[in-house]
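Trainee: After the structure tokens below, expect a handful of questions from me.
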Amino acid sequence: MITKAVTSVTQFATTPQPDHLMSNSFLAWSGGVLNITNSALLIFVLILIFIAIILGCVLLICIFRCCCSKRQKHRPTYQKMPSLYVDQLPGQGGKVDALGTLEYSLEYSMKTNELKVGVIQVMDLSAKSASDQLDPYVKVILVIDDPVDKPKPKHKQRSPIYKTDIKHNCQSACFNEQFSYKLPYDCLKRAHIRLIVYDYDSNLKDLVVGEVFVSLEAIPMENYVGKTYEAVGYLGPSLGADDEPGQLCIVLKQVLQSEELHVHILEARQLALPLLHGKRYPDTQVSVTLHIGNKKLANKKTGFREGNVNPYFGETLIFNVRRDKLIVADLTCSIKYRAHGGLLRTFGKVHLGTTVNEASNQKQWNEMIQSPGRPVAMWHSIVPKVEHH
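Numbered according to the UniProt record's numbering, the sequence shown spans residues 1 to 389.
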């Protein structure tokens with residue numbers, strides 16, 4: 001009897017008691033997945049998993065917001081100009097956004113006496129009809145007024161005229177191009193910038209879409225000296241002639257087999273040539289110089305074309321040059337004309353190469369280097385010579 005009682009007590013003590021919490025279907029399923037039979041331990045593990053999930057979600061949200069804020073920081077912001085400046089824009093006539101807008105930037109360095117003008121983008125350009133698309137580009141012109149208390153200089157250097165790349169079939173275009181002008185600090189208040197938007201036409205004269213006129217005198221110097229100043233301007237009617245003396249079409253081709261550079265001078269257009277004796281335009285030619293820095297490698301010339309403001313040359317000038325030199329070389333195309341008495345004068349120049357300031361001139365040269373054997377054609381604005389008063 002005593003033995004049976006002891007045996008029954010031992011069996012009762014060693015028999016596991018049923019866990020009522022494990023009768024819950026979710027806990028039973030979780031315990032099977034995690035291989036845990038103790039309800040207290042299972043609940044503790046589930047709480048840890050839940051906390052880890054919440055922390056993971058919070059971390060993902062923080063990462064997502066951080067990425068979005070960085071992307072938003074680099075995206076250009078747009079802000080309409082105050083009505084004060086809108087009213088001062090010439091020829092608006094109350095329709096400040098009829099022609100479109102242009103976003104630009106200014107930055108002046110006192111160390112280098114250099115003014116950088118950036119063309120960021122144009123928006124909502126006006127076309128002839130709603131279905132028309134434009135081929136826009138922007139021309140940048142720096143104008144410096146003569147000081148009122150000093151006599152006009154005898155020799156006045158004209159600032160170069162820059163031009164962005166041409167964008168095709170659009171009414172809004174992003175350029176993100178920057179151009180540099182050497183400008184003394186004391187000339188800042190007398191400087192004006194003309195940003196003229198054109199619609200490119202390969203056959204006829206390019207159509208002026210509109211212009212933004214920026215007077216540095218109206219902008220506090222602390223906004224753009226030593227820092228970048230960005231603004232959006234409404235396009236208004238153009239103020240008149242852009243003083244560009246004309247354009248020259250050049251075709252470049254690199255021939256690797258024979259180590260040659262082919263420069264095809266196709267034609268010039270809209271040359272602002274002087275009249276000889278008030279009757280006829282002078283004869284013109286193009287002189288092409290290949291050089292590395294100030295060291296001239298070779299010079300070749302086209303023939304003369306009789307008086308015409310749109311002369312067609314159609315001549316190919318061949319330069320023998322190794323590729324390693326061509327990569328670092330520049331090309332200067334000088335348009336010359338016969339003045340009174342047969343004196344040869346320089347009308348203007350086009351500079352091509354990797355060291356030039358204008359983006360389109362660099363682009364043609366780089367495309368020629370990167371695509372041997374393929375001709376690369378492009379129109380270029382002629383940089384006028386120094387004026388003599």
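Note that beta-carbon positions come from the ideal geometry of N, C-alpha and C, so glycine has one too.
1) Excluding five sequence neighbours on each side, which residues of the same chain lie with their C-beta closer than 7 Å to the C-beta of S215?
2) So, for S287: in the same chain, excluding its five sequence neighbours on each side, which residues have a beta-carbon less than 7 Å away from its beta-carbon?
3) Which whole-angstrom value is the C-beta distance of V356 and I382, which I expect to be below 8 Å?
4) Work out the CA separation of V143 and P220 for me, nearest whole Å.
5) Here's a check: name, in chain order, each residue in its chain whose Cβ is nearer than 6 Å to the Cβ of T316, leaving out the five neighbours to either side.
6) Would you list, in sequence order, the uninterrupted beta strand (DSSP E) runs of no fewer than 3 residues that lie entirely inside the UniProt domain "C2" (244 to 380)?
7) What whole-angstrom Cβ distance do R368 and Q254 have, given they're in contact under 8 Å?
8) Which residue wins for smallest C-alpha separation from K227, given the options N24, K111 and A377?
9) Are there three or more Cβ pairs, one per stretch, closer than 8 Å when the region 36 to 47 is compared with the region 56 to 64?
10) When the Cα of N113 is compared with those of Q121, V232 and P184, which residue comes out closest?
11) Pull up the DSSP beta-bridge partners for V122, would you.
12) Just the Cα atoms here: how many angstroms apart are P311 and C187?
13) Using a Cβ-Cβ cutoff of less than 7 Å, which residues in the same chain neighbour R345 once the five nearest sequence positions on both sides are dropped?
14) Taking only three categories from DSSP, how would you classify K139?
15) Three-state secondary structure (DSSP) at T14?
16) Using 7 Å as the limit for Cβ to Cβ distance, is E315 near chain B?
17) So for V96, helix, strand or coil by DSSP?
18) Is it buried or exposed for residue 394, if we count other Cβ within 10 angstroms and need 16 for buried?
19) In the DSSP assignment, find the unbroken beta strand (DSSP E) run with V33 in it and report its ends.
20) Taking buried to mean at least 16 other C-beta atoms within 10 Å of its own C-beta, is S41 buried or exposed?
21) Taking the alpha-carbon positions, what's the W379 to I250 distance?
22) Assuming L115 and Y200 are in contact, meaning their beta carbons sit under 8 Å apart, how far apart are those beta carbons, in whole angstroms?
23) Just mark P372 as buried or exposed, buried being the case when its beta carbon has 16 or more other beta carbons within 10 Å.
24) From the DSSP output, in three-state form, read off I43 for me.
Mentor: Answer, in terms of the structure:
1) H192
2) N299, K301, S334 and K336
3) About 13 Å; that fails the 8 Å criterion.
4) 18 Å
5) H262 and H264
6) 247 to 255, 260 to 269, 284 to 292, 295 to 301, 312 to 320, 330 to 338 and 344 to 353
7) The amino acid occupying residue 368 in the given sequence is Met; Arg does not appear at that position. At roughly 5 Å, the Cβ-Cβ gap stays under 8 Å, so M368 and Q254 are in contact.
8) K111
9) no
10) P184
11) L102 and A173
12) 38 Å
13) K336, Y337 and A339
14) strand
15) With a pLDDT of only 49 at T14, under 50, the local geometry of the prediction cannot be trusted, and the value read off the model is given with reservation. Correct three-state label for T14: helix.
16) Of the protein chains in the structure, only one exists, and it is not chain B.
17) Reliability of the predicted coordinates at V96 is poor, the pLDDT of 49 falling under 50, and the value obtained from them is presented with this limitation in mind. Coil at V96, not helix or strand.
18) Here the chain comprises residues numbered 1 to 389, so residue 394 is not present and cannot be evaluated.
19) No beta strand (DSSP E) contains V33, which is instead part of the alpha helix (DSSP H) from S25 to L34.
20) It is worth fixing the name first, because residue 41 is Leu in this sequence and not Ser. L41 should be labelled exposed.
21) 6 Å
22) Contact flag wrong, Cβ pair sits at about 26 Å.
23) exposed
24) helix
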